[in-house]
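Report on one structure; see the data block that follows.
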Amino acid sequence: MSKNYAFAPRLMQENAAAHYVGVSPSKLRTLGIPRRVSGANRLYDIRDLDAWADALIYDGAEEWHDTREADLVFGLAAQ
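Position one of the sequence shown corresponds to residue 17 (the working numbering), numbered consecutively onward.
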């Protein structure tokens, strides 16, 4: 029986790692994210998955030069 914890495990099997980064397992295999080897298991380290996600570019990032403009758009500007 599997247990549910309130945190992601440090090392994940392929299906869990793919779910974590929001891609299919077949797509995950093409991304070049390194895997750790533990016996017959090939596991993805959550730190490597996070590093891959952190390295992605932001779509539209050039439009926002500072948070003041975003604050105005979302009605969060200081009164």
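Backbone N, C-alpha and C fix where the C-beta goes; we use that ideal spot for every residue, glycine too.
What you are looking at is a predicted structure, and each value in this text was computed from that prediction instead of being measured.
- By the CB criterion at 9 Å, Glu30 and Tyr60 fall inside the cutoff.
- Taking C-alpha positions only, Asp87 is separated from Val37 by approximately 28 Å.
- A residue is called buried when at least 16 other Cβ atoms come within 10 angstroms of its Cβ; Leu92 does not meet this threshold and is exposed.
- DSSP, read as helix, strand or coil, puts Tyr60 in strand.
- Contact between Ala33 and Leu65 holds: their C-beta atoms lie close to 6 Å from each other, under 8 Å.
- For Leu44, the number of other beta carbons within 10 angstroms of its own is at least 16, and it is reported as buried.
- Secondary structure of Leu44 (DSSP, three-state): helix.
- By DSSP's assignment, Leu27 forms a beta bridge with Asp61.
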